[in-house]
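Undergrad:
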Amino acid sequence: MRHALVTAGTKGIGKSVAERFLHKGYSVTVSYRRDEEAMKQMKADWKHAGDRLQFVQADVTKADDLKQLVAAAYQTFGRLDVLVNNAGPYIFERKKLMDYTENEWHEMVHGNLSSMFYLFQAAVPIMRKQQYGRIVTYGFQGAQEAPAWIYRSAYAAAKTGLVSLTKTVSIEEAENGITVNMVCPGVITDEYKEAAIADAKQVTDVNTPVGRPAAGEDIARTIDFLCEDHADMITGSVVEVTGGVDVLHKRR
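This is the structure:
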C-alpha cells in the first residue's frame with residue numbers, strides 16, 4: 001500500500017489532495033497546525049478508513065516539528081511514497097518590503113523555503129531506501145521566471161528560491177527513483193478549495209479565461225498525476241493550474 005504525507009491536509013486544498021489519495025487506497029498522514037475541529041471533522045468523515053489515516057500536529061516553520069512529522073509517518077506505516085508540502089504561510093495584507101517586520105520575513109522564508117529543506121532531509125533517505133518517491137512542492141504563477149510580485153516580496157522570494165531547490169533536488173535524486181515537481185495553483189477562493197470540478201463547472205466565472213472557477217480537485221488531480229508510478233519521466237517541472245488567470249496582476 002502506498003503511503004502519502006500531506007502537510008496542512010485537514011482543510012482547503014490540502015484536504016482535497018489528502019482525500020484524493022485516500023480514495024485511491026493510499027494510507028495517508030496529514031499534518032495540521034492548530035485547527036483541531038477541522039482535524040476531528042476529517043477523522044469522523046473517514047472513520048471507515050481510520051486504519052489508513054493518521055493526524056500529526058506540526059508547525060512547518062519549526063524544524064523539529066517537520067522532522068517528527070516525517071518520523072511519525074514512517075513509523076506508523078513503514079514507508080513513505082509521496083510527500084506533498086501543501087502548507088505554507090501567506091500574508092494577505094498588501095505590504096511593500098519596507099513595511100514587513102523581521103518576524104514576518106522569517107515566517108515567510110522559513111515556512112515556504114526552509115521547511116522544504118527539512119522535509120527533504122527527512123524524507124529523501126527513506127525514499128532512497130525504497131528506490132521510489134514522489135515529492136510535490138507549491139509555487140505561484142510565473143515563479144520559475146522570478147517575476148516581480150508587488151506587496152508579496154517575502155512570499156515571492158521564498159517561492160522562487162523553492163523553484164531552484166525543487167529543480168536541483170529533482171536532478172540529484174533522479175537516480176534513486178525520486179521525482180520532485182512543483183504545482184502552482186491559480187486563484188482558488190475559499191468556497192472552492194474543497195470543491196469538486198463537477199460543482200465548479202456549474203458556475204460561470206467571467207474573470208477566468210476557461211469560464212469557470214478553479215476548484216481544489218483541479219490541484220488534487222494534477223498532484224495525483226505527478227505522483228503516479230509511471231509519471232517518472234516528469235521531474236523538475238513547474239506545472240501551473242490557473243485556468244488562464246493572470247494571478248500576479250489580478251492581485252495587485
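Under our numbering, the first residue of the sequence shown carries the number 1, and numbering increases by one thereafter. Glycine is no exception: its CB is placed at the ideal position from the N, C-alpha and C atoms.
Please classify residue 209: does DSSP put it in a helix, a strand, or coil?
TA: Coil.
Undergrad: Looking at the structure shown, is residue 182 part of a helix, part of a strand, or coil, going by DSSP?
TA: Strand at residue 182.
Undergrad: Closest to residue 55 by C-alpha separation, out of 30, 201, 25 and 69, would be which residue?
TA: Comparing Cα positions, the closest option is 30.
Undergrad: Hey, residue 133 and residue 238: beta-carbon distance below 8 Å or not?
TA: Going by C-beta atoms, residue 133 is not nearer than 8 Å to residue 238.
Undergrad: Inspect the beta-carbon positions of residue 158 and residue 108 and report whether they are closer than 8 Å.
TA: Going by C-beta atoms, residue 158 is nearer than 8 Å to residue 108.
Undergrad: CA-CA distance, residue 196 and residue 203?
TA: Their backbone Cα atoms lie some 12 Å apart in a straight line.
Undergrad: Please state if the CB of residue 5 and the CB of residue 80 are separated by a distance shorter than 8 Å.
TA: Yes, they are a contact pair.
Undergrad: For residue 20 versus residue 231, is the C-beta spacing smaller than 8 Å?
TA: No, these two residues do not count as a Cβ contact at 8 Å.
Undergrad: To the nearest angstrom, how far is the alpha carbon of residue 251 from that of residue 155?
TA: The pLDDT assigned to residue 251 is 49, lower than 50, so where the model puts this residue is not dependable; a value taken from the coordinates is nonetheless given after this. When rounded, the distance between both Cα atoms is 14 Å.
Undergrad: Would you mind working out which of 13, 66 and 76 sits nearest residue 111, comparing C-alpha positions?
TA: The residue with the shortest Cα to Cα distance from residue 111 is 66.
Undergrad: With DSSP collapsed to three states, give me the class of residue 92.
TA: Note: residue 92 maps to coil in three-state DSSP.
Undergrad: Which residues in the same chain as residue 169 place their Cβ atom closer than 7 Å to its Cβ, once the five residues preceding and following it in sequence are excluded?
TA: Within the same chain, residue 169 has close Cβ partners 120 and 180.
Undergrad: Please tell me whether residue 247 and residue 208 are closer than 8 Å, where the distance is taken between their beta carbons.
TA: No; because the gap between Cβ atoms is not below 8 Å, this pair is not in contact.
Undergrad: Helix, strand or coil for residue 237 per DSSP?
TA: Three-state result, residue 237: coil.
Undergrad: Tell me whether residue 252 sits in a helix, a strand or coil according to DSSP, three-state version.
TA: The pLDDT assigned to residue 252 is 44, lower than 50, so where the model puts this residue is not dependable, and the model offers no usable value.
Undergrad: Give me, in chain order, the residues of the same chain whose beta-carbon lies closer than 7 Å to that of residue 46; leave out the 5 immediate sequence neighbours on both sides.
TA: Counting only Cβ-Cβ distances below 7 Å, and skipping sequence neighbours, we find 22 and 53.
Undergrad: So what does DSSP say about residue 274, is it helix, strand or coil?
TA: Absent from the model: residue 274. The displayed extent of the chain is 1 to 252, so no value can be given.
Undergrad: At what residues does the beta strand (DSSP E) containing residue 31 begin and finish?
TA: 27 to 32 is the extent of the beta strand (DSSP E) around residue 31.
Undergrad: Name the two residues that bound the continuous alpha helix (DSSP H) containing residue 55.
TA: First-last for residue 55: 53 to 57, but that is the beta strand (DSSP E), not the alpha helix (DSSP H).
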